[in-house]
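Sequential numbering from -4 applies to the sequence shown in the working numbering.
Some notes on the structure that comes next.
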Amino acid sequence: MLRFERQGRKQDSEEAILSSRQMLSWTPRACAKHCRALNNLAKSLYIRFKQGGERKDLEEALEHHRDALMLTPPGHPDRGISLIGIANVLLTWFEQDGDRKDLEEALEHHRNALVLRSPGHPLRASSLNSIANALWTRFEQGGDRKDLEEAIQHYRDALVLRPPGHPLRASSLNNIANALSTQFEQDGDRKDLEEALENHRDALVLTPPGHPDRGIPPGHPHHGMTLNNIANVLQTRFEQGGDSKDLEEGIQHLRDTLVLRPPGHPDRGMPLHNIAAVLLTRFQQGGDRKDLEEALEHHRDALVLRPPGHPLRASSLNSIVSALCTRFEQDGDRKDLEEAIQHSRDALVLTPPGHPLRASSLNNIANALSTQFEQDGDRKDLEEALEHHRDALMLRPPGHPLRASSLNNIANVLSTRFEQDGDRKDLKEALENHRDALVLTPPGHPLRASLMNHIVNVLLTRFQQGGDRKDLEDALHLCNIAKAESPLSHPLQVYILNTFAHVYLCLYQAHHREEHLQSVMAFFNEATAFASGSLLLRLKCCMSWIQHAESHHHSSALDAYARSLQLLDSHLSATASITARHQARMVFSANLSVDAASCALRSGDICRALELLEQGRTILWTQMARFHTPLSQLASGDPHAETLVQRFQSLSLMLHQQPADGSSTQNSSRLTTEAEAGQYRRLVDEWRSGSTHGSVVYQVLHLLLMQCLEAL
């Protein structure tokens, strides 16, 4: 079993279980070894469950541990082992079903085991660590700060009992670091984050005297786990400071972890999941499409390793949803949104009421439905999204680390509903929820700048309704804070710059001061030129820039048109699917280049007008070429289609050859010439096939049409 834990070989697990069963059958119940055989078999089954996710293994493990506890009354030297075995299985069961009673019983058993392991006991540190794990889990459910503080204290006490040189010191360092990272998410105290990173690094390079390579060298079973933990903290620090070096180092650590978890390793799913999350973050920063595609690929690979019944399948489904929604925001490909909604519904089924991931699943499906409402305008989607967000908030009571996120989500949906109905109560509740969320996000919190940007948008809406200029003043103040607190290269800057433009637009409408109008155009210019931002968002900003520059007869209109054509070409070029490119062309005016040329002519710049027309023509023809469907793609997966395409290609090739006309070659006899001419006529007849509906051309066009209809 030890070899299985180190190398992840399934054969070792099966052999351990078989050996334990044999030992159990050989020892009568009254024998002292029977209790240990029960615990050993239970442990082997528990480890196999961790690998394969088979619920029967978990149930049998719990049964054997309980049997062992019955054989070890108070005072028995093995009672602690049985208590801890039961507690570990119950915690895993809680992760499966979310039944709070399992969590409470597990914590009770761990506390009872600690009593049996008084100061000086060689396994006291292990019990302290186990209690801390259970308390941390309870904190994540209920948000009671006392649980987190007690967990950190127990982790520190365990570390004291594992001085330099202790084989489990690295594990304790990792545990403290993980708990401090959670505390940082609560308070935003940078010292917690830095201490967490320091402890993770110490765990990685632990070098007690006389053993320069000891600790967690490459090859040690915990080495990959520590690399993974360092990467998580580095990602969090990047979200605070925006230093891309943290992100790059984190990605490298996770790639190293994947090397240590090759295909077939039972723990490969976790580093796949984590590297996908970091790559998605890097995409959101730099916009490199390869990062987005690789992130989605890794999430899909992780899902394959988490089949139905696996405890982390819902987590993978939710992660795929996030990646698909991100890609939909980039491309507008409806297939991505539909797949995201389906996966989010599947995840919700796997996380019933009480499950620790229930709130995350509710949040994901609500976000996807909100996006679908923006596409279709179906009111049922909006109402269902609001209902799911409210349910998620109920699962994140005061003190919960993600309560601010749920408050923010509810506020966003309420703002959207206000735009539909104009009910001032929705707008008021939206503002209250945004402000409540802001209180929960101290300076340095990754959500803080985004929240301020949302509050500004609600204040602008309220100003447009009531005309209270204090709303404008507050909006401008918050915009300045949000911009200052957001890293200069962070993609959020595009949103903030766009919001700045709308704040100054409202100021111009209120005061009619020319400097306000100049600021509007300057912020639109800066937002659309922001390289780290989403191409689609920048393009939408550009459309707003054009609209307001034209309506106010501003001189920047021509620059706005020129940039819009540039961004449209980049966006369409980066968009993978034909359907998404078609949708983009439908959303953005087909007359964009004509309007741009008209603007140039009004400015007296004829050469610029011709350049813009030519640029628009180039975009059109380039995209038309991209709309072509390769014959190989048309034939894929359908034997009938493959045969039809092969005949189409064969006929096309023969018809492109020069037909005999009596003078093509001096050596051809008249008979040969007539034969060649007859063959050509037969090819033409087959191409046309007498009846139009039977022609090869018609059948290929029909096949293409069917595939296009399926794609829509």
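Cβ coordinates follow ideal geometry from the N, Cα and C atoms, glycine included.
Starting from residue i, trace the alpha helix (DSSP H) in both directions and tell me its first and last residue.
{"i": "Ala595", "result": "Leu587 to Arg597"}
{"i": "Glu427", "result": "Arg419 to Val434"}
{"i": "Leu130", "result": "Arg119 to Gly137"}
{"i": "Ser311", "result": "Arg308 to Asp326"}
{"i": "Glu382", "result": "Arg374 to Met389"}
{"i": "Val200", "result": "Segment: none, Val200 is in no alpha helix (DSSP H) and carries neither H nor E."}
{"i": "Ser527", "result": "Ser527 -> no alpha helix (DSSP H), and no H or E assigned at all."}
{"i": "Thr67", "result": "Where Thr67 is concerned, there is no enclosing alpha helix (DSSP H), given that its DSSP letter is neither H nor E."}
{"i": "Leu168", "result": "Arg164 to Asp182"}
{"i": "His497", "result": "Leu487 to His506"}
{"i": "Arg256", "result": "That residue, Arg256, is in no alpha helix (DSSP H); it is neither H nor E in DSSP."}
{"i": "Gly80", "result": "Arg74 to Asp92"}
{"i": "Ser410", "result": "Arg398 to Asp416"}
{"i": "Ser339", "result": "Arg329 to Leu345"}
{"i": "Ser461", "result": "Inspection of the sequence shows that residue 461 is occupied by Gly rather than by Ser. Its alpha helix (DSSP H) spans residues Arg443 to Gly461."}
{"i": "Arg106", "result": "Arg95 to Leu111"}
{"i": "Ile22", "result": "It is Thr, not Ile, that sits at residue 22 in the sequence shown. No alpha helix (DSSP H) contains Thr22, which DSSP labels as neither H nor E."}
{"i": "Leu364", "result": "Arg353 to Asp371"}
{"i": "Asp293", "result": "Here the sequence assigns His to residue 293, which means Asp is not the residue at that position. Note, His293: alpha helix (DSSP H), Arg284 to Val299."}
{"i": "Leu483", "result": "No alpha helix (DSSP H) holds Leu483; DSSP gives it neither H nor E."}
{"i": "Leu156", "result": "Run containing Leu156: none; DSSP gives neither H nor E here."}
Cutting at 6 Å between CB atoms, please list the residues of its own chain near residue i, excluding the five before and the five after it.
{"i": "His651", "result": "Caution applies to His651, whose pLDDT of 49 falls short of 50 and renders its modelled position unreliable; the value that the coordinates give is listed next. Nothing listed; no residue qualifies."}
{"i": "Ser125", "result": "His105"}
{"i": "Pro207", "result": "Legend: pLDDT at Pro207 = 32, less than 50; position of this residue unreliable, no value from coordinates given."}
{"i": "Asp52", "result": "Leu40, Arg43 and Phe44"}
{"i": "Tyr150", "result": "Ala127, Asn170, Ile171 and Ala174"}
{"i": "Ala361", "result": "Ala380, His383 and His384"}
{"i": "Phe142", "result": "A small correction: the amino acid at residue 142 is Asp; Phe does not occupy that position in the sequence shown. Excluding positions up to five away in sequence, the list reads Leu130, Arg133 and Phe134."}
{"i": "Asn107", "result": "Leu78"}
Looking at residue i: is its Cβ nearer than 8 Å to the Cβ of residue j?
{"i": "Pro486", "j": "Ser539", "result": "no"}
{"i": "Ala387", "j": "Ala354", "result": "yes"}
{"i": "Ser14", "j": "Glu324", "result": "no"}
{"i": "Gly599", "j": "His440", "result": "no"}
{"i": "Pro347", "j": "Glu90", "result": "no"}
{"i": "Val515", "j": "Leu500", "result": "yes"}
{"i": "Asn223", "j": "Asn269", "result": "yes"}
{"i": "Leu253", "j": "Leu267", "result": "yes"}
{"i": "Leu275", "j": "Ile246", "result": "no"}
{"i": "Leu33", "j": "Ile12", "result": "no"}
{"i": "Leu534", "j": "His507", "result": "no"}
{"i": "Leu587", "j": "Ser551", "result": "no"}
{"i": "Ile614", "j": "Leu562", "result": "no"}
{"i": "Asn359", "j": "Asn404", "result": "no"}
{"i": "Val408", "j": "Ser365", "result": "yes"}
{"i": "His305", "j": "Ala271", "result": "no"}
{"i": "Arg232", "j": "Leu192", "result": "yes"}
{"i": "Arg308", "j": "Leu345", "result": "yes"}
{"i": "Ala101", "j": "Ala82", "result": "yes"}
{"i": "Leu512", "j": "His548", "result": "no"}
Within a Cβ cutoff of 7 Å, which residues of the same chain sit near residue i, ignoring the five residues on either side of it in sequence?
{"i": "Ala595", "result": "Leu553, Arg603, Ala604 and Leu607"}
{"i": "Arg731", "result": "Because the chain spans -4 through 707 in this model, residue 731 falls outside it and cannot be assessed."}
{"i": "His215", "result": "Low per-residue confidence applies at His215: pLDDT is 46, beneath 50, and the placement is therefore not dependable enough to give any value."}
{"i": "Ser686", "result": "Here Ser686 scores only 44 on pLDDT, less than 50, and its place in the model is too uncertain to base an answer on."}
{"i": "His116", "result": "none"}
{"i": "Thr67", "result": "Cys30, Asp73, Arg74 and Ser77"}
{"i": "Asn662", "result": "For Asn662, the predicted structure reports a pLDDT of 44, less than 50, and the residue's modelled location is therefore unreliable. A value from the coordinates is still provided. Cβ within range, chain order: n/a, list empty."}
Might you give, ordered along the chain, the residues of its own chain that have their beta carbon closer than 8 Å to the beta carbon of residue i, omitting 5 neighbours on each side?
{"i": "Pro392", "result": "Gly137, Gly138 and Arg398"}
{"i": "Leu319", "result": "Leu291, Asp331, Leu332, Glu334, Ala335 and His338"}
{"i": "Asp283", "result": "Arg277"}
{"i": "Thr660", "result": "Because the pLDDT at Thr660 is just 43, under 50, the model does not fix this residue reliably, and the point stays unresolved."}
{"i": "Ser176", "result": "Asp187, Leu188, Ala191, Asn227, Val228 and Thr231"}
Give a yes or no on whether the minimum CB-CB distance between residue i and chain C is below 8 Å.
{"i": "Val110", "result": "Checking the listed chains, one finds no chain C in this structure; it contains a single protein chain."}
Open item on the list: Check whether the segment 449 to 456 and the segment 469 to 478 are in contact - that is, three or more C-beta pairs closer than 8 Å.
Closed with: yes
Open item on the list: Taking 8 Å as the cut-off, does the segment 504 to 523 touch the segment 534 to 548 (at least 3 CB pairs, one atom from each stretch)?
Closed with: yes
TODO: Evaluate the contact criterion for the segment 144 to 161 versus the segment 408 to 421: three or more CB pairs, one atom per stretch, below 8 Å.
DONE: no
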